[in-house]
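Note sheet for the following structure.
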Amino acid sequence: MNSQLCSDKWGISSEIITIPREVWFLPRPRKINKYKGGFPAYFEKKLFELYPSEKILQPFGGMAEYGIRVDINPEVHPDVVGDAHKLWLYFKDNTFDFVLCDPPYSTDLSGKLYHTGEINWKKYTSEAVRVCKPGGYIALYHWLLSPRPASTRYDRIIVVITRIRHFARICAVFQKTRKGEQCKAPIKQATMF
Ligand SMILES: C[S@@+](CC[C@H](N)C(=O)[O-])C[C@H]1O[C@@H](n2cnc3c(N)ncnc32)[C@H](O)[C@@H]1O
749 MNSQLCSDKW GISSEIITIP REVWFLPRPR KINKYKGGFP AYFEKKLFEL
799 YPSEKILQPF GGMAEYGIRV DINPEVHPDV VGDAHKLWLY FKDNTFDFVL
849 CDPPYSTDLS GKLYHTGEIN WKKYTSEAVR VCKPGGYIAL YHWLLSPRPA
899 STRYDRIIVV ITRIRHFARI CAVFQKTRKG EQCKAPIKQA TMF
């Protein structure tokens, strides 16, 4: 297929068309953690088998099982009670091997599901990229395909399906570019983020 045509017709960058992609069918609900919006069973296990990572950060941690969890809601007993948009308050640049973001999918849902506030794609992704080491990875788990944050390149797209009549999730994995590495300009961001 002509990638330029795809790009024009579907608004998908030709970059995305050539990267590895896969579909995972995973069971729900996760037995250990039935937290609303929690990852499907085995999601984190499979992801970190694919990307073995020593230092993992989950800025919207909820009740996730791997890495350091930041969450604005103290009731989930995160490692850090804090705001994913303000990671500079807690972490230095270039600290983590893998940063996995599973935010509420909109400000509206943030209020409805978690009684939390505004979700700003640009702010939380730029913080996720900042705290990630060069050559490390940032994954954005959402029901929309995320644009590529600045200073990253697409690494992989994983579509996660749990059951019929249920929205699939898209886990877009980006690699933070190393010093001096060329990277394309960020893709124009959709306003819904
Ligand atoms: C979709 S859930 C994450 C669920 C998690 N992946 C799990 O498996 O349990 C989103 C989480 O983001 C938290 N949250 C909402 N706004 C936040 C913010 N500004 N900073 C940090 N956490 C926030 C919510 O409290 C909620 O726990």
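All residue numbers for the sequence shown refer to our numbering, where the first residue is 749 and numbers rise by one.
Cβ atoms here follow ideal geometry from the backbone N, Cα and C, with glycine treated the same way.
Computed from a predicted model, the values in this text were never measured in an experiment.
Would you give the residue range spanned by the alpha helix (DSSP H) that residue i belongs to?
i	result
V877	869–879
L861	L861 -> no alpha helix (DSSP H), and no H or E assigned at all.
K793	791–798
I765	762–765
Is it right to say residue i is buried, meaning 16 or more other beta carbons lie within 10 angstroms of its own, or is it exposed?
i	result
K850	According to the sequence displayed, residue 850 carries Asp and not Lys. Buried: at least 16 other Cβ atoms inside 10 Å.
H825	exposed
A832	buried
F791	buried
G867	The sequence shown places Ile at residue 867, not Gly. So I867 counts as buried.
D841	exposed
I820	buried
W869	buried
R913	exposed
A916	exposed
Does DSSP put residue i in a helix, in a strand, or in coil?
i	result
W836	helix
P826	coil
I912	coil
E770	strand
L888	strand
F922	strand
F846	strand
R901	strand
P882	strand
R917	strand
D756	Here D756 scores only 49 on pLDDT, less than 50, and its place in the model is too uncertain to base an answer on.
Within the continuous beta strand (DSSP E) that includes residue i, where are the two ends?
i	result
E802	Here E802 belongs to no beta strand (DSSP E), and DSSP marks it neither H nor E.
V818	816–819
Compute the beta-carbon to beta-carbon distance between residue i and residue j, rounded to the nearest angstrom, for a pair I have assumed lies under 8 Å.
i	j	result
I764	Y902	6 Å
K835	P800	The residue you asked about is not Lys; residue 835 is Leu in the sequence shown. Contact flag wrong, Cβ pair sits at about 23 Å.
T843	K803	7 Å
Between the stretch 911–926 and the stretch 871–890, can you find at least three pairs of beta-carbon atoms closer than 8 Å? yes
Three Cβ pairs or more, each shorter than 8 Å: is that satisfied between the stretch 760–774 and the stretch 898–912? yes
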